[in-house]
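Numbered according to full-length UniProt numbering, the sequence shown spans residues 1 to 123.
The beta-carbon is built from N, C-alpha and C at its ideal position, and this holds for glycine as well.
All values reported here derive from a predicted model rather than from experimental measurement.
Step one of this worksheet: look at the structure below.
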Amino acid sequence: MTTEKPSNIDEYIAGFPADIQKSLEQIRETIKNAAPEAEETIKYAMPTYTLNGNLIHFAAFKNHIGLYPTPTGIEAFKEELALYKGAKGSVQFPLDKPMPLNLIARIVKFRVMKNLEKPAQKK
């Protein structure tokens with residue numbers, strides 16, 4: 001295991017075991033399909049998508065994958081997300097259950113709509 005921070009999402013995903021890589025790739029594809037115009041980057045040492053500001057982050061941990069769609073993304077889907085552990089701006093999807101890709105796609109589309117409503121951020 002290397003201590004270097006990944007410089008892109010491919011490097012980030014490659015740093016995990018195959019079963020976790022599969023879940024990370026599913027989430028990545030889901031986000032890309034839901035927000036094709038978003039840019040991929042690494043922020044806070046985790047995969048991040050930006051579109052007129054931060055859109056969504058995700059990260060793998062020992063027992064779960066964390067999704068960080070900001071507090072607005074959590075609040076808008078709080079009933080469906082109630083099945084999972086979470087906090088104000090995050091949710092934890094356990095690794096031993098299928099990833100809720102349909103739900104993730106809807107959260108991403110909601111975040112795209114919210115980010116496009118605000119004025120363009122200065123670079």
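Roughly how many angstroms lie between the CA atoms of residue i and residue j, to the nearest whole one?
i    : j    : result
A38  : T50  : 5 Å
N54  : V108 : 11 Å
N102 : A87  : 21 Å
I56  : M46  : 10 Å
N52  : A35  : 12 Å
E25  : P119 : 31 Å
P100 : E4   : 30 Å
P6   : E29  : 19 Å
I42  : N8   : 6 Å
N115 : P71  : 13 Å
D10  : K97  : 23 Å
A76  : Y44  : 24 Å
M1   : E79  : At M1 the pLDDT is 43, less than 50, meaning the model places this residue with poor confidence; the figure from the coordinates comes in the next sentence. Taking the straight line joining both Cα atoms gives about 38 Å.
M113 : G89  : 17 Å
For my contact list, residue i and residue j are in at a C-beta cut-off of 8 Å; report their separation, rounded to the angstrom.
i    : j   : result
F16  : A60 : 5 Å
I27  : I74 : Not a contact, Cβ separation roughly 16 Å.
R106 : P69 : About 10 Å; that fails the 8 Å criterion.
Under 6 Å Cβ to Cβ from residue i, same chain only, skipping five residues before and after it: list those, please.
i   : result
V91 : L67, L81 and Y84
A14 : none
Y12 : P6 and P47
I31 : Y49 and V108
Going by beta carbon distance, what residues of the same chain come within less than 7 Å of residue i, once the five residues before and after it are set aside?
i   : result
L95 : I20, S23, N63, H64 and I65
T48 : T41, I42, N54 and H57
With a threshold of 8 Å on Cβ separation, who are the neighbours of residue i within its own chain once the five nearest residues in sequence on each side are excluded?
i   : result
N33 : A105
Whole runs of the beta strand (DSSP E) within the segment 34-75, excluding any shorter than 3 residues: 39-43, 46-50, 54-60 and 64-68
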